[in-house]
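**Q** Per the numbering used here, the first sequence starts with residue 16, numbered consecutively. We treat Cβ as the ideally placed atom computed from N, Cα and C, and that holds for glycine. Source: prediction; values computed, not measured.
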Amino acid sequence: MPELPEVETIRRGLQELIVGKIIKTVSSDTIKSFPNAKNDVNQFLINAKIKSIRRRAKVLLIDLSTSYTLVIHLKMTGQLVFVSNKSRFGAGHPNDSLVGALPDKSTRVTFDFTDDSHLFFNDQRKFGWVRLMSTVEVPNIDFMKKVGPEPLEADFTASDFADRFKRRAKTTIKAALLDQTVIAGIGNIYADESLWGAKINPKRLVNTITKAEFTRLYKEVRLVMNLSIEKGGSTNRNYVNAEGKKGSYMDFARVFRREGLACLRCGTEIVKLKVAGRGTHICPNCQR
DNA sequence: CACTTGACCTGTCCGC
DNA sequence: TGCGGACAGGTCAAGT
16 MPELPEVETI
26 RRGLQELIVG
36 KIIKTVSSDT
46 IKSFPNAKND
56 VNQFLINAKI
66 KSIRRRAKVL
76 LIDLSTSYTL
86 VIHLKMTGQL
96 VFVSNKSRFG
106 AGHPNDSLVG
116 ALPDKSTRVT
126 FDFTDDSHLF
136 FNDQRKFGWV
146 RLMSTVEVPN
156 IDFMKKVGPE
166 PLEADFTASD
176 FADRFKRRAK
186 TTIKAALLDQ
196 TVIAGIGNIY
206 ADESLWGAKI
216 NPKRLVNTIT
226 KAEFTRLYKE
236 VRLVMNLSIE
246 KGGSTNRNYV
256 NAEGKKGSYM
266 DFARVFRREG
276 LACLRCGTEI
286 VKLKVAGRGT
296 HICPNCQR
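1. State the Cα-Cα distance for the pair V22 and L89, rounded to the nearest angstrom.
2. Specify whether the stretch 102–111 and the stretch 137–148 touch according to this definition: at least 3 beta carbon pairs, one from each stretch, less than 8 Å apart.
3. State the DSSP-derived secondary structure class of T230, mapped to helix, strand or coil.
4. Indicate whether the contact test is met: 3 or more Cβ pairs, each with one atom in the stretch 60–70 and one in the stretch 35–43, closer than 8 Å.
5. Should C281 be labelled buried (16 or more other beta-carbon atoms within 10 Å of its own) or exposed?
6. On the DSSP bridge assignment, give the partners of N256 in chain order.
7. Can you have a look at F229 and say buried or exposed, based on whether 16 or more other CB atoms are within 10 angstroms of its CB?
8. Short of 6 Å in beta carbon distance, which residues of its chain neighbour G143, apart from the five on each side in sequence? Order them along the chain.
9. Could you compute how far the alpha carbon of R272 sits from the alpha carbon of S80?
10. Rounded C-beta distance between N253 and L113? I'm assuming under 8 Å.
11. Taking only the alpha-carbon atoms, compute the straight-line gap between L75 and L193 and give it to the nearest angstrom.
12. Is it true that the CB of V162 sits closer than 8 Å to the CB of T129?
13. For the alpha helix (DSSP H) that N57 lies in, which residues bound it at each end?
14. How many whole angstroms separate the CB atoms of I188 and V145, which I take to be in contact at a CB cut-off of 8 Å?
15. Just to confirm my understanding: we take I65, look at its own chain, exclude 5 residues before and 5 after, and list those with CB closer than 7 Å. What are they?
16. According to the neighbour-count rule (16 or more other Cβ atoms, all chains shown, within 10 Å of its Cβ), is D207 buried or exposed?
17. How about A72 and A199: do their beta carbons lie closer than 8 Å?
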């Protein structure tokens, strides 16, 4: 899915685009995408005003005036695209757009606002979901209790970072980076990007990583994800922001999807392998 | 408990 | 211009 920088980019877009709007109707094409979208939740949705948009890890939280919250996970191919009352397209159409007229065949849930604008939850692979729950219950769900700290928070230090990995001592560093209970928000792109930056081989076991290496990795995770937020995220395939526009981090990627190209540090050819069941890109010379 | 693997879906790309 | 197989931003429930 969209990883932390992509979800954060969507959050910022929605903050500008839908806060203050009032929901008129909600519809969904499949029960899988919105499991509790039954008539009995309509009373908490219809006529609700959008209060605020939050993010925790890769999850978006849309708080409503009814003291209920829409909890949304985009997984691999989810999109949340706003369409104004003046257009059938995402607000950013046509520049840098991956979406055509909406709704389309991958639209799973549609939110119509009283001013005749819309928010579309599109999801080609149907892994993502929308759930409605009481706002006060959100911190009590399993995911919220288990998820690790936000890596970009100002008070999150290098030693906090290193400490989190003690729970996964005997797995590979790549698997541990992808584990949301260790650190929140890192996915396949930024795991590869930060391991390259820190010059660590993704197959190394956690208990062989030195303090100095953890410090380098901490800095790289923050550098790479902050840069990506600045660039509007990574459009590897489907990702678009709340206006339907692509992100440009892939133009700045140093190793991800660069197999066959020269390492930007040493010129060695970047290779692609499989680690923790995921496609993984490394410089075999820099990352031993 | 800690760790790994397959399943969930649809679409695209690559080799025959 | 077909057809099978591998693969794709992520988690989970099962296995060991």
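**A** In terms of the structure at hand:
1. 8 Å
2. Taking one beta carbon from each stretch, the stretch 102–111 and the stretch 137–148 have fewer than 3 pairs nearer than 8 Å; the two do not touch.
3. helix
4. By the Cβ criterion, the stretch 60–70 is in contact with the stretch 35–43, since at least three pairs of Cβ atoms, one from each stretch, lie closer than 8 Å.
5. With fewer than 16 other Cβ atoms inside 10 Å of its own Cβ, C281 counts as exposed.
6. Its beta-bridge partners do not exist; DSSP assigns none.
7. buried
8. Cβ within range, chain order: H88, L89, K90 and G93.
9. 43 Å
10. 7 Å
11. Their Cα atoms are separated by approximately 19 Å.
12. No, Cβ-Cβ distance for T129 and V162 is not below 8 Å.
13. Residue range N57 to L60 is occupied by the alpha helix (DSSP H) that includes N57.
14. Contact check for I188 and V145: beta-carbon distance about 33 Å, past the 8 Å limit, so the pair fails to qualify.
15. If you ignore the 5 residues before and after I65, its C-beta comes within less than 7 Å of the C-beta of I33, V34, G35, K36, I77 and L79, all in its own chain and listed in chain order.
16. buried
17. yes
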